[in-house]
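Below you'll find the structure, written out as structure tokens, and then a few comments.
Residue numbers (our numbering): 45 to 164.
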């Protein structure tokens with residue numbers, strides 16, 4: 045999602061499947077621009093718990109980056125815990141709506157929850 049061309053849903057699904065099949069990956073989730081689950085391969089309860097917190101964190105991090113430099117934007121961050129790594133990638137772009145072509149910023153946040161080596 046780069047703001048110029050929207051990816052096909054089949055490409056997105058294929059990418060999510062490929063990420064999920066990596067060694068150590070517990071699952072992935074995609075949040076819409078309101079923080080709601082759009083897609084997930086984690087257990088729903090776990091996806092909702094992590095999703096709520098990650099959405100708040102990415103909003104705070106994005107605001108911090110843009111407050112320092114309005115021309116800059118958050119592209120990726122990693123949370124490293126004792127047991128897991130959480131990889132977070134927000135995607136923002138402009139989407140045209142309706143016959144008037146009104147433009148609105150639309151975004152999605154992808155996060156990947158993976159086990160650290162040696163963790164079960």
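C-beta: ideal position from N, C-alpha, C; glycine also.
Treat the numbers as computed from the prediction; the structure is a model and nothing was measured.
Would you kindly work out how many angstroms separate the C-alpha atoms of residue i and residue j, rounded to a whole number?
i: residue 61; j: residue 144; result: 36 Å
i: residue 83; j: residue 65; result: 16 Å
i: residue 163; j: residue 126; result: 9 Å
i: residue 114; j: residue 124; result: 27 Å
i: residue 58; j: residue 121; result: 22 Å
i: residue 150; j: residue 100; result: 16 Å
i: residue 55; j: residue 161; result: 29 Å
i: residue 78; j: residue 67; result: 30 Å
Run the CB neighbour count on residue i, radius 10 Å, all protein chains shown included, and call it buried at 16 or more, exposed below.
i: residue 87; result: exposed
i: residue 73; result: buried
i: residue 134; result: buried
i: residue 98; result: buried
Give me, in chain order, the residues of the same chain whose beta-carbon lies closer than 7 Å to that of residue i; leave out the 5 immediate sequence neighbours on both sides.
i: residue 157; result: 70, 71, 86, 94, 128 and 130
Going by beta carbon distance, what residues of the same chain come within less than 8 Å of residue i, once the five residues before and after it are set aside?
i: residue 81; result: 73, 74, 75, 88, 91, 92 and 95
Please confirm if residue i has its CB atom under 9 Å from at least one CB of chain D.
i: residue 129; result: Chain labels in this structure do not include chain D; a single protein chain is all it has.
Quick test of your reading: residue i and residue j, contact by CB under 8 Å. State the CB separation rounded to the nearest angstrom.
i: residue 153; j: residue 132; result: 7 Å
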